[in-house]
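Remarks on the structure that follows.
There are 4 protein chains.
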Amino acid sequence: MKKEMNRNKKPFEIRTDLAVEERESFPGDGGEISGVSLREWTEPESRIKMTEVRILNERGSAAMRKPVGVYLTLEIDSMTNKDESELALISEELSRQILRHAVGLLAEAPRSGPIHILIAGLGNPSVTPDSLGPKVARKLQITRQLEHQYGNHFCQSQNLPVISAIVPGVMAQTGMETSEILTGILRETHPHLLIAVDALAARSVRRLGTTIQITDTGIHPGSGVGNHRHSLTRESLGIPVLAIGVPTVVGAAAIIHDTVSCLTNALLSSPATQGLGSYLDGLTPEEQYQLIRELLEPEFGSLYVTPPDADELISTVSATVSEGINQALFDIPKIISDIG
Amino acid sequence: MKKEMNRNKKPFEIRTDLAVEERESFPGDGGEISGVSLREWTEPESRIKMTEVRILNERGSAAMRKPVGVYLTLEIDSMTNKDESELALISEELSRQILRHAVGLLAEAPRSGPIHILIAGLGNPSVTPDSLGPKVARKLQITRQLEHQYGNHFCQSQNLPVISAIVPGVMAQTGMETSEILTGILRETHPHLLIAVDALAARSVRRLGTTIQITDTGIHPGSGVGNHRHSLTRESLGIPVLAIGVPTVVGAAAIIHDTVSCLTNALLSSPATQGLGSYLDGLTPEEQYQLIRELLEPEFGSLYVTPPDADELISTVSATVSEGINQALFDIPKIISDIG
Amino acid sequence: MKKEMNRNKKPFEIRTDLAVEERESFPGDGGEISGVSLREWTEPESRIKMTEVRILNERGSAAMRKPVGVYLTLEIDSMTNKDESELALISEELSRQILRHAVGLLAEAPRSGPIHILIAGLGNPSVTPDSLGPKVARKLQITRQLEHQYGNHFCQSQNLPVISAIVPGVMAQTGMETSEILTGILRETHPHLLIAVDALAARSVRRLGTTIQITDTGIHPGSGVGNHRHSLTRESLGIPVLAIGVPTVVGAAAIIHDTVSCLTNALLSSPATQGLGSYLDGLTPEEQYQLIRELLEPEFGSLYVTPPDADELISTVSATVSEGINQALFDIPKIISDIG
Amino acid sequence: MKKEMNRNKKPFEIRTDLAVEERESFPGDGGEISGVSLREWTEPESRIKMTEVRILNERGSAAMRKPVGVYLTLEIDSMTNKDESELALISEELSRQILRHAVGLLAEAPRSGPIHILIAGLGNPSVTPDSLGPKVARKLQITRQLEHQYGNHFCQSQNLPVISAIVPGVMAQTGMETSEILTGILRETHPHLLIAVDALAARSVRRLGTTIQITDTGIHPGSGVGNHRHSLTRESLGIPVLAIGVPTVVGAAAIIHDTVSCLTNALLSSPATQGLGSYLDGLTPEEQYQLIRELLEPEFGSLYVTPPDADELISTVSATVSEGINQALFDIPKIISDIG
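Heads up: the sequence lines are chains D, X, B and U, in that order.
For the first sequence, position 162 matches number 162 in this note's numbering, and the numbering has no gaps at all.
All you need for this note's numbering is the position in the second sequence, starting with 1, plus 340.
All you need for this note's numbering is the position in the third sequence, starting with 1, plus 680.
All you need for this note's numbering is the position in the fourth sequence, starting with 1, plus 1020.
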């Protein structure tokens, strides 16, 4: 039984911002994790594979190291090889899912007047793999300035949502926490919902630019390529936060970890080397870390793996995500008034 | 006498953000304008020509169409042809002048704890000639995050200023007035002084990238390449505002106007054509406008003239200005403690 | 009759790379110019207005200050306000016209083996309004490397054109004439047709980003935003050259000229000022130049007017043009084999 | 003895463009490799550590998998943390070394008239870590155009070198081998020396942006971030080629390899696990590859590790390298005439 227990632990901590990857790291494909539900399906219109991880309670939250809430992922094989009509299908599916979640979150929020949504493009505009959020924010169709130009009721009279956007930058550039900047803006402009778009770190290279995660839990400390220090959540900001992210980097530590795992499994699979495999497998995470700690020293920890076509990848993904957000937001007033 | 009166008016309104150009547009070089004082000198160390225009009262303000306050300009022949040591001289002179003004403004502000200065890089980062402010802000040395990392008194203990910076973007991108974003950030972070950096519109092409204006009056509606709608001033924000600007565009309207002026003067200078010159010169601004209104139709009005090397110009000027701000800010704690 | 004669001259020389603008500068809309034919129509599918100027002989060439050949223009109201389906219509029309001209030029060229076309993206990649050619070249679908990877007959076996592309840079960056670089590449790689893409200078601001010119005469000294010094033509290079250009700048001199013209016409239109108008109109180009020569001094001459959204304009136009070239090139092998 | 032999082999092939890293991969620090000489010293002026690897004959070439020739490396701790005066020291040292090598190579070349040097900035300008060469080439001071402007003997009369530069792009963008483009340009413009600047792949992350390699062997197939397919050498081009490179990426395969090595060494160092370590160490490269082949599948092989500040790193390194080249080239005419 020792082996089973050992396989249950995570060797040494490899960060992933994707709930679906955290879920995969638990052994036994069909296995249940207490406090976590999993649902998988394929959307009929787009043929996109969907996975919904729900963290139901504190127990699930502790196991998954992520807050209670819903984490939806769209899995596409690759965005960079798609033509425009295929990218349009992805945008549309993304739009439907954002719409569904946004409407749900808005229904819970006290509100008067037209719906106002603020989009925050998180990350560093000057660092290619961290620039997804800023690039998405810069491509959005903004409407709030129309209220300044044509009067306070213009958007409502036209059945338009009130949309604003901000690229807050990162702390090394601003000296301010993103949460400080957003809190200030929320106080002045009173949006009903924040949509935070961010580049994510994944564990597996095959996730780069192929997975879109939507979650109603907002942004948490330690997440994102730039490693946010403070949370952006309903609790901290006072309005619901929908977070949309796409992995653009894999930490170098994840590759080291994968090498050790792969080696362990290869050794375990042959009778001749099973003993060596068991030895590696039997080590505690701390012992494994000791073996390769030289590689995990400070400078290495801050490195990440990114594909050679990162500039093109970010360009395609940001166009697809901004299109999805645009479509969803412009459908919201119609849906809400139908409901209302 | 009619002619004298006519020459006193501005033919049709050509916008300039430079007080020194507004001053030049009044006839008679040595002439006095009531409520406006003018001082010119050459700085001994840098050999840079300085001009200080002081608008002393409402009368001067009405004549100059600018708020009461001090407008200092550094005039350099051209930044793009300078080598690094010459650019360093400019940065140093700029630093001295910013330091002098910033210390003056801070002396008036109530304050406890270490000096905290917020720099706002105004303008559109995606439009080359409007990207001066964002580029300057991105090159500054920021310190406020050190307080987050090492504790609240870190900067004071190290005799460092607390420096933060923001690139708020423009209303078409954010849906928000710059004043809304800055007000929110001021409420959260409580700086003692705002330094606003912006690309300016000049009347004369020879001002492009050659003049730096420093003013204690802040930013006013209609100023800047992006035409700010709301003011950023001590009155509107509650803290002193030092504005630093460099002209990067000339409105196409200014060129049309210069053509008419040039033609008028040329005709006036010859006895044979003096009559025609007098005719043009005798026209009211409205009549002049009627004559060439076809060229001033909407689409034309939004065009500007920019030099072919705008990308390089912005790059050089933003490096020089950010260096000047950096030097000034890191000298402030020393100066203030000497005074205090 | 003096007046008629005077109206026939061009006041002072304002450069335009568009044959259609040069043609417009001759008075009398329906007027014939010896050696120049003009045809205008609207394409049924795209509803795009087409103008074809044919310079038939040396007399036409002297009058138009452009070489003998065909100059076709597509006139679109504005590319920046179009949605994707409208831009696709423009690309398709452009594709049809390029295909027609390219097939005509290839029919005249001696050739064995598969059709090989080299595209040169002229201009300075680092100067926004001059970067159209480089941006188009970088977005093309290239196939010649497939011959390197899969063997010499790969493209022919797949019915693909052999496509290569080069961004030669400008002489200030390379120290070489574009013609030197291209001559060298032609000697090594033996394409059958050169397509040269370049940003153009227009006289009228309404042409910026709205007109696409296709000509079989190649590139001539003094043309383009960067002012090419040597020609790229069948005579100089030994293979036919199709040039595709879009105006992205208007020389500041053109605006000065338009101001004088506008003023002259306004003065002529009223009995009270007709004398003054006649005076201006009666001046020779040299006399007009003398009147405003101060404005046309060296530094001013190198300035140009560009719209505030130049970055976005170049991005949209380069995508549309590269799409049009791509479509045309991939249709060529089919057309040629149908003909052959 | 088996162990000694095993330690002599390279586990599975990890590419490095640095001769100094290839040399380090041989065991035994002081050990001699037949046909390879090694010299290390510290330059007195700059305090920069220098290593010169000389591959003397075919035997050394086979062992090092690099051509016969001289490979000089400057090792700097980090360029991104340096201030301007420290970067100037690096540029100056680089300048001295380039000057020494360039003069040596030019001495062997037949030549009449002034010295003409062509610099090729290799790599993809649109992919950040591969854009070092293009960025360096764009920052150089070019002089050959002065001969076009002021006559053929201008540079010689001013004691200036004739300098030209080209950014040929990569085959996926041009459809042409870099060697085809350069051969064509050489034929037209006849330079005496080619300096090729390129981003390199290293094995160790600590080399990123910290090592500059100068070699008189030119560029060889399989080298560089973009993996050149054809050589650029004196043999292939007919003129001497000085190659200057800086590592900007580490292949992900190198990290996997380092993990296995690190694990092996850690296991060998403890008596309890020595047996397991010996097992891993005793495997042939093929057996090691089999164990982790899953991680080395195609998609993974094309990934590389790059630091989060790659954009800033490339900007600093390209400025330093271009400054070093500029200084060296402008000193060449003086040195040569002193010698001559």
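Cβ atoms here follow ideal geometry from the backbone N, Cα and C, with glycine treated the same way.
Look at residue 1208/U: its C-beta is under 7 Å from a C-beta on chain B. The three-state secondary structure of residue 114/D, taken from DSSP, is coil. Taking C-alpha positions only, residue 1273/U is separated from residue 311/D by approximately 22 Å. When only Cα atoms are considered, residue 1349/U and residue 1162/U end up about 10 Å apart. Counting C-beta atoms within 10 angstroms of its own C-beta, residue 829/B has fewer than 16 neighbours from the protein chains shown and is therefore classed as exposed. With a cut-off of 8 Å on Cβ pairs, the segment 1207-1215 of chain U is in contact with the segment 1130-1139 of chain U, counting three or more such pairs. When C-alpha distances from residue 730/B are compared across 892/B, 939/B and 740/B, the shortest belongs to 892/B. Against chain U, the beta carbon of residue 828/B has neighbours under 8 Å at 1191, 1197 and 1249, listed in chain order. If you draw a straight line from the Cα of residue 260/D to the Cα of residue 1289/U, it comes to about 18 Å. Among the CB atoms of chain U, none fall inside 7 Å of the CB of residue 919/B. Against residue 524/X, the close residues of chain D are 181, 182, 183, 184, 185, 186, 187, 188 and 189, in the order they occur along the chain (beta-carbon pairs closer than 9 Å). Rounded to the nearest angstrom, the gap between the Cα atoms of residue 466/X and residue 53/D is 38 Å.
Residue 385/X sits in coil when the DSSP states are folded into three classes, being neither helix nor strand. At a C-beta separation below 7 Å, residue 825/B has these neighbours in chain U: 1191, 1192 and 1195.
Residue environment analysis places residue 44/D among the exposed positions, since fewer than 16 neighbouring C-beta atoms fall within 10 angstroms of its C-beta. For residue 752/B, the three-state secondary structure derived from DSSP is strand.
By the rule that beta-carbons nearer than 7 Å mark a contact, residue 325/D does not touch chain X. Closest option to residue 820/B, judged by alpha-carbon separation, among 963/B, 910/B, 842/B and 885/B: 842/B. Taking a contact as a CB-CB distance under 8 Å, the pair residue 876/B and residue 754/B does not count as one, their CB atoms being some 17 Å apart.
In terms of Cβ geometry, residue 430/X and residue 624/X do not form a close pair [threshold 7 Å]. The segment 556-576 of chain X makes contact with the segment 409-426 of chain X, as at least three CB pairs between them are under 8 Å.
Interface criterion met: the Cβ of residue 1162/U is under 7 Å from a Cβ in chain B. DSSP, read as helix, strand or coil, puts residue 394/X in strand. Assignment of residue 719/B by DSSP, reduced to helix, strand and coil, places it in the strand class. Residue 586/X has a beta carbon lying at 7 Å or more from every beta carbon in chain B. DSSP, reduced to helix, strand and coil, places residue 18/D outside both helices and strands of the structure shown, so it counts as coil. Under the criterion of beta carbons closer than 8 Å, residue 564/X and residue 354/X do not qualify as touching, at roughly 16 Å.
Under the three-state reduction of DSSP output, residue 529/X falls in the helix class. Taken atom to atom, the span from the alpha-carbon of residue 919/B to that of residue 306/D is near 43 Å.
The residue from 619/X, 542/X, 476/X and 419/X with its alpha-carbon nearest to that of residue 365/X is 542/X. At least one CB atom of chain U sits nearer than 7 Å to the CB of residue 126/D. The criterion of a C-beta distance shorter than 7 Å is satisfied by residue 120/D and residue 166/D. Counting along the chain, no alpha helix (DSSP H) covers residue 239/D, and no H or E run does either. DSSP places residue 423/X in the coil class of the three-state scheme, outside both helix and strand.
Contacts with chain D at 7 Å (Cβ-Cβ) include residue 505/X. At a Cβ-Cβ threshold of 7 Å, residue 812/B and residue 879/B count as neighbours.
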